[in-house]
Amino acid sequence: MRRVIRKLLGNTASLVGIVLLIFFIVIAILAPVIAPPLSDDPYQVPRMSWNVNPQPPGTPMSDNMREIYKQMGKEVKLTKALLGTEQGGYDIFYGLVWGTRTAFKVGIITVGSAMIIGLFVGSIAAYFGGWLDEVLMRITDIFLSFPFLVAAMVLTTILGKGLDKVIIALIVFGWMGYARVIRGSILAVKEDVYVMAAKALGVKDGRIILRHLLPNTIFPVLVQASMDTGSMVVTASALSFLGVGAPEGYADWGQMASFARNWIVGSPGHAFQYWYTVFFPALFIALFVLAWNLIGDTLRDVLDPRLRGEL
Amino acid sequence: MLSYILRRLLLLPLILFGVTFLIFSVYSLLTPLERLATYVNNPNALKSAAASERLIKKYHLDDPYPIGYFRWVGKLLKFNLGWSKVANEPVAAAIAEKFPATLELVIYSVIPVVFVGIWLGVISAVHHNDPIDQSLRIIAVIGWSLPTFIFGLLVLFFFYGVLGWLPPGRLSVWAQNIVYTNPSFHHYTGLVTIDALLNGYGYVFLDALRHLIAPIITLSYVSWAYLLRIARSSMLETLRKDYIRTARAKGVDERTVICKHAERNALIPVVTVAGMMVVQMLGGVVITETIFNFPGLGQWAAMAAQQLDYASILGFSLLFAFIMVVGNLVVDVSYALIDPRVRLE
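Protein sequences, first through last, are from chains A and B. Just so we're aligned: 184 in numbering that gives the first Met the number 0 is position 185 of the first sequence, and the numbers increase by one with no gaps anywhere. Just so we're aligned: 196 in numbering that gives the first Met the number 0 is position 197 of the second sequence, and the numbers increase by one with no gaps anywhere.
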């Protein structure tokens, strides 16, 4: 463990990843301070105006919007759109800050749940073997027979759109990788002496899996989970981008990017006119994934026995 | 060998059963009325509750689960996939109409992925830890981290918004006039680039190609970045094998060692991954076509999802699952043909 931490901190790439991740965690924790909410649901992005066109960074909140928030009894602390607004006056800065919380929420819930399902299926298949293994692995194959994004999109649509539906869909089609990895690891160690000893002593199967097998085999799964957190958030953003994710006005990076799609060309002669609509959400999504990938990549190198000793 | 392929083929119906069963289960989450709506081309027919009730009874849409499944498969076998609201035609017809555009996009994307990805991966491994390796790794990590839709937006922004070179869509208006209204233009394959050449319209070919470049770059970047990583690590592992050391010790020149001895063995696993990448690329099609307004299956499916057009979205997922199952089978079998070790397992 100490070796892993030393490698993580000693490698430039993973150090960058860790710094980025800390940056996002701080933003997520301090969200209410950095961007005080203006409605009862903090994930609702405040509107700076009713303007259909995006407004450049620094645009102050329009008078009628200020009036509306005043009548709602809200104190407007952010009077300017620091990073501009998307179409419909949605504040980009606020969306980015609270979108960070959305990203962590989506990433942690989906990866956590998918990992638990995968561990359950994979360890049972590997431990008991035989027909149970065969059946469970064929079911895994069937779930793997869909392109991930397509499957998630279809299930989200059928369930009826929205961020919670996206999360369910991502879990339903996201557990197979973990099942396969843990199955392979358990198969490799299940004949080891300590497992045999536990069996001979009459330890119950469930206890052997939980107490003896999983602690010895779970590390590759955790590496996979760290790599997946980024890609799950991306897929969720992609679904929002396609219009089946979060409802309009929800703080979500993917939705901001999809708004930007309409303005990407700028106006004639001013290609960069609306650069801020695409730049900031894209930057946040890319850095978030990058952080997880850099950490996961280094973790994998550290733990890969074939490359051990030369890093 | 034969027994391996046979076993793999025997598994195919089982997997197809599982896939259709899974899609039917998703379909069953809909209410009978919603299920009825997927077959009706005129929404007014569902206005009265009594009429809907009668239709549900008539078409057995409230059957218990297992019977419903077999009835549904029966319809599938007759290519009755329901009515696509978005395309305003039967789902099967919509698929047939939009398939060539997507096929064209995927075919042209495979070429850069496989060749550029593998080639750069080998270079990266041969120059292990040199600046060239480091920079290729960074490019690959960026490619892998940049989500397709962000990368696509950037491509669109730069090549269309800023430079005005690569417009979205599949053809310019003047080219559309030639392809779709000129009666002497024969649609031999449905792939615009090839049809244009066969009909002797060089400019239409160039126009189609111009519209294809940006989606191709977008669709393939993530995949080749991934392939680069796989090729690199496989090559690195192979270069450390004893027989490579032996070859070098015998005085075989470095070029031969890499091209003849190492590459051939290192690329066997890469070929499988490449096959799977092509299949996985199908998922990226939805995003890419939406960004570049490319009128293929992916854009159709995205629109269907936005407008809750269940029939289209289910038909689309069936088709893609089917392609993926067959694709995986082809990959597995060809892998067994290339690498004798697989057969023994």
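For each residue, glycine too, the CB sits at the ideal point set by N, CA and C.
Residues near Arg307 (chain A) by beta carbon distance below 6 angstroms, same chain, minus five either side:
With a pLDDT of only 47 at Arg307 (chain A), under 50, the local geometry of the prediction cannot be trusted, and the value read off the model is given with reservation. Same-chain partners within the cutoff: there are none.
Could you name the residues of the stretch 268 to 296 of chain B whose beta carbon sits closer than 9 angstroms to any beta carbon of chain A, in the order they occur along the chain?
Here the close residues are Val278, Gln279, Met280, Leu281, Gly282, Gly283, Val284, Val285, Ile286, Thr289 and Ile290.
Test: Leu28 (chain B) CB closer than 7 angstroms to a CB of chain A:
Yes, Leu28 (chain B) lies at the interface with chain A (some Cβ there is under 7 angstroms from its Cβ).
In chain order, what are the residue ranges of uninterrupted alpha helix (DSSP H) at least 4 long that sit wholly in the stretch 227 to 286 of chain A?
252 to 260, all fully within the stretch 227 to 286 of chain A.
With 16 other CB atoms within 10 Å as the buried threshold, where does Leu282 (chain A) fall?
Here Leu282 (chain A) is exposed, its C-beta having fewer than 16 other C-beta atoms within 10 Å.
Mind checking the stretch 158 to 184 of chain B against chain A and listing, in chain order, the residues whose C-beta falls within less than 7 angstroms of any C-beta there?
The residues in question are Tyr159, Gly160 and Val161.
Could you check where the alpha helix (DSSP H) with Glu133 (chain A) kicks off and where it finishes?
Gly129 to Phe142 is the span of the alpha helix (DSSP H), which, as asked, contains Glu133 (chain A).
Integer Cβ distance of Leu13 (chain B) from Arg137 (chain A), believed to fall under 8 angstroms:
Right, their Cβ atoms sit about 7 angstroms apart.
Which of helix, strand or coil DSSP assigns to Trp173 (chain B):
In the three-state reduction of the DSSP assignment, Trp173 (chain B) falls in the helix class.
When we look at the beta-carbon of Lys46 (chain B) and count the other beta-carbons within 10 Å, is it buried (16 or more) or exposed?
It counts as exposed.
Does DSSP put Arg307 (chain A) in a helix, a strand or coil?
Legend: pLDDT at Arg307 (chain A) = 47, less than 50; position of this residue unreliable, value from coordinates given subsequently. Per DSSP, reduced to three states, the secondary structure at Arg307 (chain A) is coil, with no helix or strand assignment.
Do we get a CB-CB distance below 7 angstroms when we pair Met234 (chain B) with the residues of chain A?
No, its Cβ sits nowhere closer than 7 angstroms to a Cβ of chain A.
With distances taken between CB atoms, is the gap from Ala207 (chain B) to Leu165 (chain B) smaller than 7 angstroms?
Not in contact: Ala207 (chain B) and Leu165 (chain B) (Cβ atoms no closer than 7 angstroms).
Determine the burial state of Ala168 (chain A): buried for a count of at least 16 other Cβ atoms within 10 Å of its Cβ, exposed for fewer.
The residue in question, Ala168 (chain A), is buried, as its Cβ has 16 or more Cβ neighbours within 10 Å.
Pick from B:Ile215, B:Ile286, B:Pro268 and B:Ala213 that is closest to Val233 (chain A), judged by C-alpha positions:
Of the listed residues, the one whose Cα sits closest to Val233 (chain A) is B:Ile286.
Along chain B, in chain order, which residues have C-beta atoms closer than 8 angstroms to that of Asn292 (chain A)?
Ordered by position in chain B, the residues that pass the 8 angstroms Cβ test against Asn292 (chain A) are Val140, Trp143 and Ser144.
What separation, rounded to the nearest whole angstrom, lies between the Cα atoms of Tyr273 (chain A) and Asp62 (chain A)?
Taken atom to atom, the span from the alpha-carbon of Tyr273 (chain A) to that of Asp62 (chain A) is near 23 angstroms.
Quick one: residues in its chain with C-beta nearer than 8 angstroms to the C-beta of Leu57 (chain A), no 5 flanking neighbours on either side, listed in chain order?
Residue identity check: residue 57 (chain A) is Gly in the sequence provided, not Leu. Listed in chain order, the non-local C-beta contacts of Gly57 (chain A) below 8 angstroms within the same chain comprise Lys79, Ala80, Leu81 and Gly83, local neighbours out to five positions each way being set aside.
In three-state DSSP terms, what is Trp164 (chain B)?
Three-state DSSP puts Trp164 (chain B) in coil, outside helix and strand.
If you run the structure through DSSP and keep just helix, strand and coil, what is Lys79 (chain A)?
DSSP, reduced to helix, strand and coil, places Lys79 (chain A) within a strand of the structure shown.
DSSP three-state assignment for Pro89 (chain B), whether helix, strand or coil
Looking at Pro89 (chain B) - three-state DSSP - the assignment turns out to be strand.
Lys104 (chain A) to Leu32 (chain B) span [Cα, whole Å]
CA-to-CA, the gap between Lys104 (chain A) and Leu32 (chain B) works out to about 35 angstroms.
Among A:Phe258, A:Thr216 and A:Arg46, whose alpha-carbon lies nearest the alpha-carbon of Leu241 (chain A)?
For Leu241 (chain A), the nearest C-alpha among the options comes from A:Phe258.
Leaving aside the five residues before and after Ile212 (chain B) along the sequence, list all residues of the same chain whose C-beta is less than 6 angstroms from its C-beta, in chain order.
Apart from sequence neighbours up to five positions away, the residues of its chain that approach Ile212 (chain B) with a beta-carbon distance below 6 angstroms are Leu165, ordered along the chain.
Considering only the beta carbon of each residue, do Thr297 (chain A) and Val110 (chain A) sit closer than 7 angstroms?
No, they are not a contact pair.
Host alpha helix (DSSP H) of Tyr193 (chain A) (start-end):
For Tyr193 (chain A), the enclosing alpha helix (DSSP H) stretches over residues Val192 to Ala199.
With distance defined between alpha-carbon atoms, name the residue in B:Ala92, B:Glu88 and B:Leu238 nearest to Val125 (chain B).
Val125 (chain B) has its Cα closest to that of B:Leu238, out of B:Ala92, B:Glu88 and B:Leu238.
Between the stretch 307 to 324 of chain B and chain A, which residues of the former have a C-beta closer than 8 angstroms to a C-beta of the latter?
Within the stretch 307 to 324 of chain B, the residues whose Cβ lies closer than 8 angstroms to some Cβ of chain A are Leu307, Tyr309, Ile312, Leu313, Phe315, Ser316, Phe319, Ala320, Met323 and Val324, listed in chain order.
Taking only beta-carbon atoms, is Phe240 (chain A) less than 7 angstroms away from chain B?
Chain B, which has a Cβ nearer than 7 angstroms to the Cβ of Phe240 (chain A), makes this yes.
Would you give the residue range spanned by the alpha helix (DSSP H) that Glu52 (chain B) belongs to?
It spans Ala48 to Lys57 - the alpha helix (DSSP H) in which Glu52 (chain B) sits, taken as one unbroken run.
Between the CA atoms of Glu52 (chain B) and Asn28 (chain B) - distance to the nearest angstrom
According to the sequence as given, residue 28 (chain B) is Leu; it is not Asn. Inter-residue distance for Leu28 (chain B) and Glu52 (chain B) is about 18 angstroms (C-alpha atoms, whole angstroms).
Is it the case that the stretch 71 to 86 of chain B contacts the stretch 186 to 204 of chain B, given that we only count it when at least three CB pairs across the two stretches are under 8 angstroms?
Contact between the stretch 186 to 204 of chain B and the stretch 71 to 86 of chain B is absent, because fewer than three Cβ pairs lie under 8 angstroms.
Which residue's Cα is closest to the Cα of Glu88 (chain B): B:Gly314, B:Phe319 and B:Ser144?
Checked all of B:Gly314, B:Phe319 and B:Ser144; the closest Cα to Glu88 (chain B) is B:Gly314.
State yes or no: is the beta carbon of Gly121 (chain A) nearer than 7 angstroms to at least one beta carbon in chain B?
With a threshold of 7 angstroms between beta carbons, Gly121 (chain A) makes no contact with chain B.
Counting only C-beta atoms, is Ala100 (chain B) closer than 7 angstroms to chain A at any point?
Proximity of Ala100 (chain B) to chain A, defined by a Cβ-Cβ separation below 7 angstroms, is not satisfied.
Does the beta carbon of Ala250 (chain A) sit closer than 7 angstroms to a beta carbon anywhere in chain B?
Closer than 7 angstroms: no.
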